[in-house]
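Asker:
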Amino acid sequence: MFHGPVDIRVAAFDDPDARKLIDAVQQEYVRRYGDPDVTPVDPAEFAPPNGLFLLGYVDGAPVASGGWRAHDGDEEPEFRPGDAELKRMYVVDAMRGRGLARAMLAELERTAKDAGRTRLVLETGTRQPEAIALYRSSGYTDIPKFGVYRHTPESICLAKEL
Numbered sequence: 001m002f003h004g005p006v007d008i009r010v011a012a013f014d015d016p017d018a019r020k021l022i023d024a025v026q027q028e029y030v031r032r033y034g035d036p037d038v039t040p041v042d043p044a045e046f047a048p049p050n051g052l053f054l055l056g057y058v059d060g061a062p063v064a065s066g067g068w069r070a071h072d073g074d075e076e077p078e079f080r081p082g083d084a085e086l087k088r089m090y091v092v093d094a095m096r097g098r099g100l101a102r103a104m105l106a107e108l109e110r111t112a113k114d115a116g117r118t119r120l121v122l123e124t125g126t127r128q129p130e131a132i133a134l135y136r137s138s139g140y141t142d143i144p145k146f147g148v149y150r151h152t153p154e155s156i157c158l159a160k161e162l
């Protein structure tokens, strides 16, 4: 577990540090699945009050990211009013296994709830066992698949009531 100071800050989705980590997570998807995540993402979706993007810094370096964007049941039949979707959760390799992802997830849950969101939903994949373990141990449970990967056998969709 990471016990040093982590500085979690609000950032724009297209902030240079955010772009660096988003590019890294996309390369992680390429390594694990052969392709980047092609889910449509508009940086404006992660701007308050209908979204938020967070960066975690250790010793001034960006080492973790994650965001949420509001969904109110109009884009996908699986979404409900009050939903928010988690996107781009990532921790750099050198900092994994220290609790940073759990700290980022807790802050994303807190900020989504504070913004009036009632449930977090996410899509991950079977080749990300660490992510699946984090989400399940944090109270996320299976829901019907949604999004561009709904028909992909490796896709797993999870949700947690806030």
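Take the sequence shown: its position 156, counted from the start at 1, is 156 in UniProt numbering, and no numbers get skipped.
For every residue, glycine included, the Cβ atom is placed at its ideal position computed from N, Cα and C.
Every value quoted in this text rests on a predicted model; they were computed, and no experiment measured them.
#1: What did DSSP end up calling Pro153 once you bin it into helix, strand or coil?
#2: Please classify Gly34 as buried or exposed, where buried requires at least 16 neighbouring CB atoms within 10 angstroms.
#3: Give me the DSSP bridge partner(s) of Ala101.
#4: Considering only the alpha carbon of each residue, which of Asp7, Arg96 and Lys87 lies closest to residue 172?
#5: Sort Val10, Arg102 and Asp17 by Cα distance to Ala47 and report the nearest one.
#6: What is the DSSP secondary structure of Gly139, counted as helix, strand or coil?
Answerer: Taking the definition as stated:
#1: coil
#2: exposed
#3: Ala101 pairs with nothing; no bridge assigned.
#4: Residue 172 lies beyond the stretch modelled for the chain, which goes from 1 to 162, so this question has no answer here.
#5: Val10
#6: coil
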